[in-house]
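Colleague:
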Amino acid sequence: MSEALTDEDQKLVVLARGARGRAQSVSGAAVRDGDGRTYAGADVTTTTLTLSALQVAVATALSSGAESFEAAVVVGGDPDDPGRATLAEISPAAALVVTDPAGTPLTRLDAEG
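Mapping the sequence shown onto this note's numbering, position 101 (from 1) lands on 661, and the numbers just tick up by one.
1) Where does E649 sit, in a helix, a strand or coil, going by DSSP?
2) Express the C-alpha separation of T598 and V604 in angstroms, rounding to a whole number.
3) I need the straight-line Cα distance from T646 to V618, nearest angstrom please.
4) Kindly indicate if chain B contains any beta-carbon less than 7 angstroms away from that of K571.
5) What whole-angstrom Cβ distance do R580 and A602 have, given they're in contact under 8 angstroms?
6) What whole-angstrom Cβ distance do A600 and L575 have, given they're in contact under 8 angstroms?
7) Can you tell me which of V633, S651, I650 puts its alpha carbon nearest to the alpha carbon of D521?
8) Cα separation between G596 and A662?
9) State the Cα-Cα distance for the pair A589 and L622, rounded to the nearest angstrom.
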């Protein structure tokens, strides 16, 4: 990916890396809603529930009253994260950035692809 991240997107990387580290998870994610509020999450895996980091971050935002999304970042994850479908349902034009575990951007696309 050749374009640099904005300061706001870099903040999402920091939040996602923090969530990933706290949970000692494979991936972390953060989203920014239409009002500029941010939410972060990490993978959840139990015997009865499996959620990706992006699904957790999106669900946290929605349960807090978010109605739209501007951007999302997934650190150490995959562009085909299952949370991407919900992100696209709510805000098809939202930017999705996928980074390696160190936070180096690998891919930037909109939620729909």
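Beta carbons: idealized from backbone N, C-alpha and C, even for Gly.
Modeller: Put simply:
1) helix
2) 19 angstroms
3) Counting only the Cα atoms, V618 lies some 8 angstroms from T646.
4) No chain B appears in the structure shown, which is made up of a single protein chain.
5) 5 angstroms
6) 4 angstroms
7) Residue 521 lies beyond the residue range present for the chain, which begins at 561 and ends at 673; the question has no answer from this structure.
8) 24 angstroms
9) 15 angstroms
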